[in-house]
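Novice:
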Amino acid sequence: MTFRKAAFWTGFWFVMALLFNAGVYFYLGADKAMEFLAGYLIEQSLSIDNLFLFLMVFCYFKIKGPHQRRVLNYGIMGAIVLRFIFIFLGVAMVERFHWILYIFGALLVVTAYKFIFGKEEQPDLESNWVVKQFKRLMPVTNQPHGEKFFVKVDGILHATPLFLVLLLIESTDVLFAVDSIPAIFAITTDPFIVFTSNVFAILGLRSMYFFLERIQQVFIYVKHGVGVILFITGLKLLLLAVGIKVPVPLALGMIVLVLVVSILASIYSSRKKKTQDICKS
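In this text, residue positions in the sequence shown follow the numbering used here: the first is 340, and each later residue adds one.
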């Protein structure tokens, strides 16, 4: 996908989310619309950091652009199904055990600390648990075979690195859900709002990936911004334990402010120094 096309479709899905938000406002009221917008921005900001991990996975396995699109297409469909399952399980757990929200809050604060102060480390993909377990079940070819997920070598069925990448992306989405779903529970536990805000963030992932791939340096501080957002949402959940409820408009304002500041700081820094390409680092 060209940069211009990626920018267009990234903007298209953002506009679609805003139009859907207008529909939520019209049919369900201002409070629900505010919850959707806050949830969408949280999920979108978390997905930015996730996409950088996808970029490293593609670079590591030498997956070319056209084949990346196929993996992302399947990955998006899988992510929607997984989020549907996790969200409704999470809502059911919260309705039955309300105190679990406080555990979610504590986990978010700990994760926020790792995002902000943790050292940036390249993941060891060959030692990844999912990769190691899958290779025990099925042999994997050393080189990609176009868009094929499976090929026969000497009469034996092999998986290709392209399928291994898809497996990694789907498995990492499970881990991402551990952060993103508790974060939006700080805004609302309405399953309709939680699921739709997740879906709109996921639908724009493919175009956003190709958009961010070309302007990585403009988002070098977004990871820290995401950490601050996780801290805000985690603290919001923990404050409920002492009877303090942070208004959604205030939380939304803080999320927008953090995103704007982190992006502006990244742009300013990128003008002063050239950031190393992830694929060449």
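Beta carbons: idealized from backbone N, C-alpha and C, even for Gly.
Does the distance from the C-beta atom of residue 402 to that of residue 470 stay below 8 Å?
Specialist: Position 63 of the sequence shown, counted from the start, is the residue given in the question as residue 402. Position 131 of the sequence shown, counted from the start, is the residue given in the question as residue 470. The answer is no: Cβ separation not under 8 Å.
Novice: Whose C-beta lies closer than 7 Å to the C-beta of residue 383 among residues of the same chain, with five residues either side of it excluded?
Specialist: Translated into positions along the sequence shown, residue 383 becomes position 44. So the qualifying residues of the chain are 540.
Novice: Where DSSP assigns a beta bridge to residue 495, which residues make up the other side?
Specialist: Position 156 of the sequence shown, counted from the first residue, corresponds to residue 495. In the DSSP output, where bridge partners are listed per residue, residue 495 has 492.
Novice: Is residue 352 near residue 543, with beta carbons less than 8 Å apart?
Specialist: Within the sequence shown, numbered from 1, the residue matching residue 352 stands at position 13. Within the sequence shown, numbered from 1, the residue matching residue 543 stands at position 204. Yes; because the gap between Cβ atoms is below 8 Å, this pair is in contact.
Novice: Three or more C-beta pairs closer than 8 Å, one from the region 354-364 and one from the region 519-528: is that the case here?
Specialist: No, the region 354-364 is not in contact with the region 519-528.
Novice: In terms of residues, what are the limits of the alpha helix (DSSP H) holding residue 481?
Specialist: Here residue 481 refers to the residue found at position 142 of the sequence shown. Run containing residue 481: none; DSSP gives neither H nor E here.
Novice: How long is the line joining the alpha carbons of residue 392 and residue 534, rounded to whole angstroms?
Specialist: In the sequence shown, counting from the first residue as 1, residue 392 sits at position 53. In the sequence shown, counting from the first residue as 1, residue 534 sits at position 195. One C-alpha to the other measures close to 23 Å.
Novice: At which residue ranges does the region 423-456 contain complete alpha helix (DSSP H) runs of 4 or more residues, listed in the order of the chain?
Specialist: With a minimum length of 4 residues, the continuous alpha helix (DSSP H) runs that stay inside the region 423-456 are 439-456.
Novice: The alpha helix (DSSP H) that contains residue 530, what's its start and end?
Specialist: Reading the sequence shown from its first residue, position 191 is the one you call residue 530. Per DSSP, residue 530 belongs to the alpha helix (DSSP H) from 530-542.
Novice: Once the 5 residues before and after residue 376 are set aside, which same chain residues still bring their CB inside 7 Å of it?
Specialist: The residue labelled residue 376 in the question sits at position 37 within the sequence shown. Around residue 376: 360, 591.
Novice: Just mark residue 512 as buried or exposed, buried being the case when its beta carbon has 16 or more other beta carbons within 10 Å.
Specialist: For the purposes of this step, residue 512 is taken as residue 173 along the sequence shown, with counting starting at 1. Buried.
Novice: When we look at the beta-carbon of residue 655 and count the other beta-carbons within 10 Å, is it buried (16 or more) or exposed?
Specialist: Since the first and last residues shown for the chain are 340 and 620, residue 655 lies out of range.
Novice: By the DSSP assignment, the alpha helix (DSSP H) with residue 400 in it spans what residues?
Specialist: For the purposes of this step, residue 400 is taken as the residue at position 61 of the sequence shown. From DSSP, residue 400 is part of no alpha helix (DSSP H); its letter is neither H nor E.
Novice: Which stretch, first to last residue, makes up the alpha helix (DSSP H) that contains residue 368?
Specialist: The residue given as residue 368 occupies position 29 in the sequence shown. That residue, residue 368, is in no alpha helix (DSSP H); it is neither H nor E in DSSP.
Novice: Could you check how far apart the C-beta atoms of residue 568 and residue 381 are, in whole angstroms? I think they sit under 8 Å.
Specialist: One-based indexing of the sequence shown puts residue 568 at position 229. One-based indexing of the sequence shown puts residue 381 at position 42. With 8 Å as the limit, residue 568 and residue 381 qualify as a contact, their Cβ atoms being about 6 Å apart.
Novice: For the alpha helix (DSSP H) containing residue 559, list its first residue and its last residue.
Specialist: Residue 559 sits at position 220 when you count from the first residue of the sequence shown. Where residue 559 is concerned, there is no enclosing alpha helix (DSSP H), given that its DSSP letter is neither H nor E.
Novice: Return helix, strand or coil for residue 420, following the three-state DSSP convention.
Specialist: Locating residue 420 in the sequence shown gives position 81, counting from the first residue. If DSSP states are grouped into helix, strand and coil, residue 420 belongs with the helices.
Novice: Whole angstroms are fine: how far does the CA of residue 419 sit from the CA of residue 371?
Specialist: Your numbering for residue 371 matches position 32 in the sequence shown. Your numbering for residue 419 matches position 80 in the sequence shown. The straight-line gap from Cα to Cα measures roughly 21 Å.
Novice: Is the distance from the Cβ of residue 483 to the Cβ of residue 563 below 8 Å?
Specialist: The count along the sequence shown starts at 1 and reaches residue 483 at position 144. The count along the sequence shown starts at 1 and reaches residue 563 at position 224. The answer is no: Cβ separation not under 8 Å.
Novice: Output yes or no for whether 8 Å exceeds the beta carbon distance between residue 576 and residue 428.
Specialist: Residue numbering aside, residue 576 sits at position 237 when the sequence shown is read from its first letter. Residue numbering aside, residue 428 sits at position 89 when the sequence shown is read from its first letter. Cβ atoms of residue 576 and residue 428: not closer than 8 Å.
Novice: Per DSSP, what kind of secondary structure is residue 373 in: helix, strand or coil?
Specialist: Within the sequence shown, residue 373 is the residue found at index 34, counting from 1. Helix, per DSSP.
Novice: Give every residue of the same chain whose Cβ lies closer than 7 Å to the Cβ of residue 439, excluding the five residues on either side of it in the sequence, and list them in chain order.
Specialist: Along the sequence shown, one-based indexing puts residue 439 at 100. The residues are 432, 433.
Novice: Look at the Cβ atom of residue 509, then the Cβ atom of residue 409, and state whether they are nearer than 8 Å.
Specialist: Position 170 of the sequence shown, counting from 1, holds the residue named residue 509. Position 70 of the sequence shown, counting from 1, holds the residue named residue 409. Not a contact, by the Cβ cut-off of 8 Å.
Novice: If you run the structure through DSSP and keep just helix, strand and coil, what is residue 566?
Specialist: As a working mapping, residue 566 is identified with position 227 in the sequence shown. Note: residue 566 maps to helix in three-state DSSP.
Novice: Less than 8 Å between C-beta atoms, sequence neighbours within five positions excluded: which residues of the same chain meet that for residue 579?
Specialist: Residue numbering aside, residue 579 sits at position 240 when the sequence shown is read from its first letter. So the list reads 440, 441, 444, once near-sequence residues are dropped.
Novice: Distance check for residue 454 and residue 602, CA to CA, integer angstroms please.
Specialist: Residue 602 sits at position 263 when you count from the first residue of the sequence shown. Residue 454 sits at position 115 when you count from the first residue of the sequence shown. One C-alpha to the other measures close to 16 Å.
Novice: Please go through the same chain and pick out, in chain order, the residues whose beta-carbon is closer than 6 Å to the beta-carbon of residue 497, but skip the five residues on each side of it.
Specialist: Here residue 497 refers to the residue found at position 158 of the sequence shown. If we look at residue 497 and ignore the five residues flanking it on each side, its Cβ neighbours are 478, 480, 490.
Novice: For residue 421, I'd like the list of residues in its chain whose CB is within less than 7 Å of its CB, leaving aside the five on either flank, ordered along the chain.
Specialist: Position 82 of the sequence shown, counted from the first residue, corresponds to residue 421. Excluding positions up to five away in sequence, the list reads 512, 513, 516.
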